[in-house]
Amino acid sequence: MGTDAIEAGETPFDSYPSSFKVHHLMCTELRKFVDRILKIFPEIEAARPRCSSGIKALCSLNNALERAKLLLQYCNESSKLYLAITTDAIVSRCQKSKNFLEQGLCQIQSMVPVMLAVEISQIVDDLRAACFVPDKFEEEAGKVVRELLHQGATTSDSMELAEMSALQKAASRLHITSSKAILIEKRSIKKLMEKVADTDIQKKKILKYLLYLLRKYGHLIIEEQTDKTVDRNEGAFTVNNPSNVPDVASHKEYKQHDVEADKLSGLIPPEEFKCPISLRLMYDPVVIASGQTYERVWIQKWFDDGNDTCPKSETKLAHLSLTPNTVMKDLISKWCAKYGITIQDPSLQSDVLQLLENSSTSVASFGSSIYDMRFPVDISNVSLGSLDTSYTSDGSRNKIGDGLSLKPERGSDDLRQYQNPRNASKMNLESLCRLPELDWESQYEMVEDMRNHLKRDELACMSLSSKNFIEPLIEFLSSALDMHNIRAQRAGFELLLTYVSQHRSGIRYLNEDAYSLLSSSLDSEVTKEVLDIIEVLSGNSGCWSKIAASGALVSILNILNSKITAFQERVIKILHNLSSSHDICSNLASFECIPKFVPFLEDASLARHCIVVLRNLCNNQEARASITQTPGCITSIAMLIETGTHEDQEHALAILLALCSQRVEYCQLVMDECDIFPALFDVSVNGSDKGKASAMELLRLLRDTNHDDDEQEHLQYDNVISEDANNYPKDKKSHKSLFGVKLSMFSRSSAQKKKK
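Take the sequence shown: its letter number 456 is residue 456 in UniProt numbering, and every next letter is one higher.
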């Protein structure tokens, strides 16, 4: 946040952690403040505030630092699941640590030298502006597990499904997706249980339940499985051999299956029961090395096509073995029995068998082929295989339960719409991988559909990556830019804005090409959309250097010269964020941008952002010189001391303190350009605590400067009298010279007293 902020791990203070299991952004932000305070702590101690209040303030600051370090240590060692379900408590503790640090610094600020006080004031200012916001996906993980805890422990089938679903969702969001990660999580929970007091029964119950969930369902979320583990838990792997596929079922059996499909066309099974490839209920669910579950025949076909990655997560697999998911199969069987559904082995269906045997058909193209089979419209939502359950003719298949509902049948027009390979993507918008294969108009429609999909389902962003989303989208935008297609550019940038706004952790996928594209599009018809994206990115410290490297700073500053207020406001907010970087401040100073900010200091809505930019720039010597040389800049800053909010006053005073503490000439300049003393007196009485302290310090600096000037003038006056007395008999004209000097000095002294 502040210009002196330093990245975790770059300081010599290694007595507390720099990596955190959960709440990484909040903990990293808190650690930066701890680092900054520890860096100046020896100077604070060296100032020797030995009075009773000074010792008390020093102890208070030290205690606040210890509290913050303990919190960081806790987030480094604790259980991920427990940290997620106690998100609100962690946010509260971070906020309290921030408040304690701010309180300790404010108490000590008036007891240290001015330069150290200025540095402390900058840290306090940044502490007040800090906001601890939990990661959306970690928060979602905690919410899922908390809802599970509220349901209470039962042994029903629905509870088993809820437990499995909740754990899988939470584990994926918290990156507990490997055997090693699960082992570490179990150990963390056990360590927590050892530390919990016997009187805290509720916490022990929660930890025991989390441990139970990991033990029971851990194998379903393991991302990497060794052959030894699989052999122990599931027995030897079995892989379907295409040559051993049974003969096609009889025509009578197929007709029976078709009749059943008509009856099931409106029934929606849980998503977990459907194969991600075929989008149908699974007959023989198997787990692959990534931890994802698929229908055996379809994932085997995927591997037979030469693929060695997970179709859903696109991660490279350690091995291609298939592990029967017996828990999932049992749950699907019970669900089918409940609704009177009979499902046949997909390898016995003639249409599926033709797809499997056709060497020209790959699983990658299955998405379009499945809709050309002319099944009943919604049959893609259910799979047609047998799970050792028999079909019954009673009315149970028409019951609605567990959140299921009947859909109205679509007409033939709707069916034809989704038989189109392009429109098939609308049924399951998971990525933009197929974007380059489509014609231009279809690409545009797919981008629009994806944007609407992400707006409706914020969590859908989690499955998107660089390969399946960012790269094809940037390619689409580059083509739109080359074609000067404004409509496509706007659609693409709006999709990118939706993505970066909803999936902050996915911002890391943006590569150099993405930043270059944004930079080159700043001066175009889509400036608004691009500025919106850069404003989001500027809030992420990891993007600052990339934005600067793209060359966007020059274009951003040029927009300040435009007459479009909405654009100017976005630019000022972007620069507010970017100016927290010392390197970017150096770049901005070299661009001689200070004169551009002066007009906005008079705008009430923009002044609060603009004054922060100038305050951050004041840490750069070139920028300080530019502020003093820019006409009207110091006057506008001083005006905010008189008319601004308490926060504006604090920033303005910090700027003038930074100037006046550097050079005496700057003190004189401040007094010459504006009548600042009444405003300083007012703030010293009616301002905030920080404002009062800063105003008093600035008054002291200006008073000392004035006193030095008076002494210098008196010295010059005595010298002139002595010299003139010696020369008086020789030259009577010198009397007039002496009188002129006296008059000049009197006028100057009177003016200064007036100001006082």
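Every residue, glycine too, gets a C-beta built ideally from N, C-alpha and C. Since the structure is predicted, the reported quantities are computational estimates derived from the model, not experimental observations.
Using a Cβ distance threshold of 8 Å, determine whether the segment 98–107 contacts the segment 55–68, with at least three qualifying pairs required.
These segments touch.
With a threshold of 8 Å, are at least 3 pairs of Cβ atoms found where one atom belongs to the segment 481–497 and the other to the segment 519–530?
Yes: at least three Cβ pairs fall under 8 Å.
Take residue 162 and list the residues in its own chain whose beta-carbon comes closer than 8 Å to its own, dropping the five residues that flank it on each side.
Position 162 of the sequence shown, counted from the start, is the residue given in the question as residue 162. Within the same chain, residue 162 has close Cβ partners 148 and 151.
When 31, 473 and 535 are compared against residue 514, the one with the closest alpha-carbon
For the purposes of this step, residue 514 is taken as residue 514 along the sequence shown, with counting starting at 1. Answer by Cα proximity: 473.
Host alpha helix (DSSP H) of residue 494 (start-end):
Start at 1 with the first residue of the sequence shown, and residue 494 comes out as number 494. Segment 486–502, the alpha helix (DSSP H) holding residue 494.
Flag this pair as touching only if the segment 493–513 and the segment 26–37 have three or more C-beta atom pairs under 8 Å; answer yes or no.
In this structure the segment 493–513 does not lie against the segment 26–37, because fewer than three pairs of beta carbons, one per stretch, are closer than 8 Å.
Touching by the beta-carbon criterion (3+ pairs, under 8 Å), the segment 176–184 and the segment 127–135:
Because the criterion of three Cβ pairs below 8 Å is not met, the segment 176–184 and the segment 127–135 do not touch.
Within its chain, find whatever has a CB closer than 7 Å to the CB of residue 557; leave out the 5 residues flanking it on each side and keep chain order.
In the sequence shown, residue 557 corresponds to position 557, counting from 1. Once the five neighbours on either side are set aside, the close Cβ partners of residue 557 are 591, 593 and 596.
Tell me, please, whether the segment 598–605 touches the segment 629–646 by the rule of three or more beta-carbon pairs shorter than 8 Å.
The segment 598–605 makes contact with the segment 629–646: 3 or more CB pairs, one atom from each, lie closer than 8 Å.
Taking the C-alpha atoms as reference points, what is the distance between residue 118 and residue 609?
In the sequence shown, counting from the first residue as 1, residue 118 sits at position 118. In the sequence shown, counting from the first residue as 1, residue 609 sits at position 609. Roughly 20 Å separates the two Cα atoms.
Element boundaries [alpha helix (DSSP H), containing residue 309]:
In the sequence shown, counting from the first residue as 1, residue 309 sits at position 309. Unbroken run through residue 309: none, as it is neither H nor E.
Using beta-carbon positions only, say whether residue 575 and residue 613 come within less than 8 Å of one another.
Stepping through the sequence shown from its first residue, residue 575 is reached at position 575. Stepping through the sequence shown from its first residue, residue 613 is reached at position 613. Yes. Within cutoff.
Which ranges would you report for the alpha helix (DSSP H) in the segment 637–698 if only whole runs of at least 4 residues count?
With a minimum length of 4 residues, the continuous alpha helix (DSSP H) runs that stay inside the segment 637–698 are 646–660, 664–673 and 677–686.
Based on DSSP bridge pairs, tell me the residues matched to residue 285.
Against the sequence shown, residue 285 aligns to sequence position 285. Per DSSP, the beta bridge partners of residue 285 are 295.
What residue does the alpha helix (DSSP H) around residue 509 start on, and which one ends it?
Position 509 of the sequence shown, counted from the first residue, corresponds to residue 509. Here residue 509 belongs to no alpha helix (DSSP H), and DSSP marks it neither H nor E.
Quick one: using the 10 Å Cβ neighbour count with 16 as the cut-off for buried, is residue 440 buried or exposed?
Position 440 of the sequence shown holds residue 440. Residue 440 is exposed by the Cβ-count criterion.
Determine the contact status of residue 221 and residue 167, defining contact as a CB-CB distance below 8 Å.
On the sequence shown, residue 221 is found 221 positions in, with the first residue counted as 1. On the sequence shown, residue 167 is found 167 positions in, with the first residue counted as 1. Yes, these two residues count as a Cβ contact at 8 Å.
Residue 191 lies in the alpha helix (DSSP H); which residues open and close that run?
As a first step, residue 191 must be located in the sequence shown, where it is residue number 191. Note, residue 191: alpha helix (DSSP H), 179–195.
For residue 86, which of helix, strand or coil comes out of DSSP?
Indexing the sequence shown from 1 puts residue 86 at position 86. Looking at residue 86 - three-state DSSP - the assignment turns out to be coil, as it is neither helix nor strand.
Counting beta carbon pairs with one atom in the segment 324–332 and one in the segment 305–312, are three or more of them shorter than 8 Å?
Fewer than three Cβ pairs drawn from the segment 305–312 and the segment 324–332 lie within less than 8 Å of each other, which leaves the two stretches out of contact.
Leaving aside the five residues before and after residue 34 along the sequence, list all residues of the same chain whose C-beta is less than 7 Å from its C-beta, in chain order.
Taking the first residue of the sequence shown as position 1, residue 34 is located at position 34. Same-chain partners within the cutoff: 65, 68 and 69.
Under three-state DSSP, which class holds residue 471?
Locating residue 471 in the sequence shown gives position 471, counting from the first residue. The answer is helix: DSSP assigns residue 471 an H, G or I state.
Closest to residue 705 by C-alpha separation, out of 665, 658, 559 and 192, would be which residue?
Here residue 705 corresponds to residue number 705 of the sequence shown, with the count starting at 1. Relative to the Cα of residue 705, the nearest Cα in the group 665, 658, 559 and 192 belongs to 665.
Return the bridge partner residues of residue 274 from the DSSP annotation.
Here residue 274 is taken as the residue at index 274 of the sequence shown, counted from 1. DSSP lists 281 as partners of residue 274.
Residue 324 - partner residues in DSSP beta bridges
By one-based count along the sequence shown, residue 324 stands at place 324. Answer is 286.
Give the DSSP-derived three-state secondary structure of residue 316 in the structure shown.
Within the sequence shown, numbered from 1, the residue matching residue 316 stands at position 316. Secondary structure of residue 316 (DSSP, three-state): strand.
What residues in its chain sit with their C-beta under 8 Å from that of residue 475, if we drop five residues either side in the sequence?
Position 475 of the sequence shown holds residue 475. Within the same chain, residue 475 has close Cβ partners 435 and 436.
At what residues does the alpha helix (DSSP H) containing residue 543 begin and finish?
Position 543 of the sequence shown holds residue 543. It is not in any alpha helix (DSSP H) - residue 543 carries neither H nor E in the DSSP assignment.
Nearest to residue 543 by CA position, among 471, 577, 560 and 554, is which residue?
If you number the sequence shown from 1, residue 543 lands on position 543. Closest option to residue 543, Cα to Cα, is 577.
Can you find the residues in the same chain that come closer than 7 Å, C-beta to C-beta, to residue 176, ignoring five residues on each side of it along the sequence?
By 1-based counting over the sequence shown, the position of residue 176 is 176. 80, 182, 185 and 221.
Spatial neighbours of residue 296 within its chain, please: CB distance less than 7 Å, with the 5 preceding and 5 following residues excluded, ordered by chain position.
Mapped onto the sequence shown, residue 296 falls at position 296. Cβ within range, chain order: 240, 284, 286 and 322.
Three-way DSSP call (helix, strand, coil) for residue 130 in this model
If you number the sequence shown from 1, residue 130 lands on position 130. The answer is coil: DSSP assigns residue 130 none of H, G, I, E or B.
Could you say which of 605, 669, 625 and 691 lies nearest to residue 642 if we only look at CA atoms?
Along the sequence shown, read from residue 1 onward, the residue named residue 642 stands at position 642. Of the candidates 605, 669, 625 and 691, the residue whose Cα lies closest to the Cα of residue 642 is 691.
Length of the line joining the Cα atoms of residue 480 and residue 465:
Residue 480 sits at position 480 when you count from the first residue of the sequence shown. Residue 465 sits at position 465 when you count from the first residue of the sequence shown. In a straight line, the C-alpha of residue 480 is about 22 Å away from that of residue 465.
Give the secondary structure of residue 619 by DSSP, where H, G and I count as helix, E and B as strand, and everything else as coil.
Taking the first residue of the sequence shown as position 1, residue 619 is located at position 619. DSSP places residue 619 in coil when its eight states are reduced to three.
Using the three-state DSSP reduction, which class does residue 198 fall into: helix, strand or coil?
The count along the sequence shown starts at 1 and reaches residue 198 at position 198. Looking at residue 198 - three-state DSSP - the assignment turns out to be coil, as it is neither helix nor strand.
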